[in-house]
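Input: a single structure, listed below in structure tokens.
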Amino acid sequence: MLVAPAADLQYAAEIFRDLKSLKIVAGGAQRADSVKAGLLALAAEAPDLVMIHDAARPFLKPSHIGDLVAALATAEGAILALPVADTLKREGPDGRIETASRDGLWRAQTPQAFRYGTLMEAYAAWPDANPPTDEAVVIEAAGGRVRLVNGDPALMKLTYPEDFDMAEAIAGRARLMRVGQGVDAHRFGPGDGVWLCGVKIADHRTLVGHSDADAGLHAITDAILGAIGEGDIGDHFPPTDPQWKGAPSHLFLTHAAELVRKKGGQLINIDVTLICERPRIKPHRQAMREKLAELLSLPVERISVKATTTEGMGYTGREEGLLAQAIACVETPA
Ligand code: MG
Numbered sequence: 297m298l299v300a301p302a303a304d305l306q307y308a309a310e311i312f313r314d315l316k317s318l319k320i321v322a323g324g325a326q327r328a329d330s331v332k333a334g335l336l337a338l339a340a341e342a343p344d345l346v347m348i349h350d351a352a353r354p355f356l357k358p359s360h361i362g363d364l365v366a367a368l369a370t371a372e373g374a375i376l377a378l379p380v381a382d383t384l385k386r387e388g389p390d391g392r393i394e395t396a397s398r399d400g401l402w403r404a405q406t407p408q409a410f411r412y413g414t415l416m417e418a419y420a421a422w423p424d425a426n427p428p429t430d431e432a433v434v435i436e437a438a439g440g441r442v443r444l445v446n447g448d449p450a451l452m453k454l455t456y457p458e459d460f461d462m463a464e465a466i467a468g469r470a471r472l473m474r475v476g477q478g479v480d481a482h483r484f485g486p487g488d489g490v491w492l493c494g495v496k497i498a499d500h501r502t503l504v505g506h507s508d509a510d511a512g513l514h515a516i517t518d519a520i521l522g523a524i525g526e527g528d529i530g531d532h533f534p535p536t537d538p539q540w541k542g543a544p545s546h547l548f549l550t551h552a553a554e555l556v557r558k559k560g561g562q563l564i565n566i567d568v569t570l571i572c573e574r575p576r577i578k579p580h581r582q583a584m585r586e587k588l589a590e591l592l593s594l595p596v597e598r599i600s601v602k603a604t605t606t607e608g609m610g611y612t613g614r615e616e617g618l619l620a621q622a623i624a625c626v627e628t629p630a
């Protein structure tokens, strides 16, 4: 059950469209109104246990839920809480401060867990004109016992912009750095230019292949696919398929980059080495970096294009063909 502001119901439904079993109801002006709306929407199901959680605390773990359920065995309510670690000061009306004891003081977090029926009765009996600031106080007012369960600093409520920086850092621990490598070679044939890394270099030859034979883009595409375990370029664009005949290879590259995004990942950097005697790569290196940066939506400094020869040895040395090698670094959710 998700309670969202009435004005954002459609937005919430859009975000959670894949969670078919999630019910979304409109909240109220105050926290307590929203909680009551959610509880009432559960009336038909009459669950045994209910937990109320602030969505602004995203780092909930299954162990927190297990601990709360266990604590409910001997109480009407159970809440996650942290002992107050900072020294507490109270400011008087004259601006003077005094030190307050922190003994026995805890900071309440969520989720807070209750028996559904007990919480509904306690809410109905809430005596105060002011709404409660959490659900534990509703049970306390009705004479029920609420147990404290050890909370977690990671369950912080994200409120201020700097909280989100810390949350990013915490979330970062749950992400993986992955690398992939790609190799591609194409043969030279007569032509009017060589496509490499999305740039056409004027030449009396071309690279021969089913597509535009851009070995640089093919190697990078395979490196990206390798980093996310998605096979190789031939799996996605079979050379037997006539629709890829003469295709511009940037289609392959942007497809691989899109697969990274679909996995919730992001490209970190690309490094490609082009191995040939000719054409000379260096004069075109910056143009290649800029083209790759544009295709991959990456800053140009995260893209490296290098070139080398094989000192006249082997098929690249005899200028029969060109070899490209690439590495891609990708970050994805763990
Ligand atoms: Mg190829």
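Just so you know, we're using this note's numbering here: the sequence shown kicks off at 297 and counts up by one. Where is the CB? At the ideal position from N, CA and C, for every residue including glycine.
- Ranked by Cα distance from residue 597, the first of 604, 606, 587 and 603 is 587.
- Boundaries of the beta strand (DSSP E) harbouring residue 628: 617 to 629, taken from the DSSP string.
- Rounded to whole angstroms, the gap between the alpha carbons of residue 385 and residue 400 is 16 Å.
- The shortest CA-to-CA distance from residue 525 to any of 478, 512 and 538 is the one to 478.
- Between the region 457 to 476 and the region 372 to 382, the count of Cβ pairs shorter than 8 Å is below three; the stretches do not touch.
- Counting the other Cβ atoms within 10 Å of the Cβ of residue 311 gives fewer than 16, which makes it exposed.
- Ordered by chain, the residues meeting the criterion of a beta-carbon within less than 5 Å of a non-hydrogen atom of the ligand MG are 480 and 514.
- Three or more Cβ pairs drawn from the region 408 to 416 and the region 430 to 440 lie within less than 8 Å of each other, which places the two stretches in contact.
- Scanning 610, 540, 545 and 466 for the CA closest to the CA of residue 490 turns up 545.
- In the displayed model, residue 318 falls within coil according to three-state DSSP, outside both helix and strand.
- Residue state for residue 403 is assigned as strand, using DSSP reduced to three classes.
- Remark: three or more beta-carbon pairs, one from each stretch, lie closer than 8 Å, so the region 563 to 576 and the region 589 to 605 are flagged as touching.
- Sequence-distant Cβ neighbours of residue 329 in its own chain, meaning closer than 8 Å and more than five residues away, are 323 and 427.
- Nearest to residue 517 by C-alpha distance, out of 531, 465 and 359, is 531.
- It is roughly 9 Å from the alpha-carbon of residue 339 to the alpha-carbon of residue 416.
- Annotation: the continuous beta strand (DSSP E) that includes residue 477 extends over 471 to 486.
- Residue 380 carries a coil assignment under DSSP once its states are collapsed to helix, strand and coil.
- Rounded to the nearest whole angstrom, the C-alpha separation of residue 391 and residue 441 is 37 Å.
- Taking C-beta atoms as the reference points, residue 625 and residue 529 fail to come closer than 9 Å.
- The region 534 to 545 and the region 505 to 517 touch, with three or more beta-carbon pairs separated by less than 8 Å.
- Going by C-alpha positions, residue 299 is about 15 Å away from residue 431.
- Note on residue 609: under 16 other CB atoms within 10 angstroms of its CB, so exposed under the neighbour-count rule.
- No Cβ-Cβ contact shorter than 9 Å links residue 476 with residue 553.
- Within the same chain, and ignoring the five residues on either side of residue 350 in sequence, the residues whose Cβ sits closer than 7 Å to its Cβ are 406 and 453.
- Scanning 584, 450, 592 and 620 for the CA closest to the CA of residue 354 turns up 450.
- Taking a contact as a CB-CB distance under 8 Å, the pair residue 514 and residue 620 counts as one, their CB atoms being some 7 Å apart.
- A buried status is given to residue 335, since no fewer than 16 other beta-carbon atoms sit within 10 Å of its beta-carbon.
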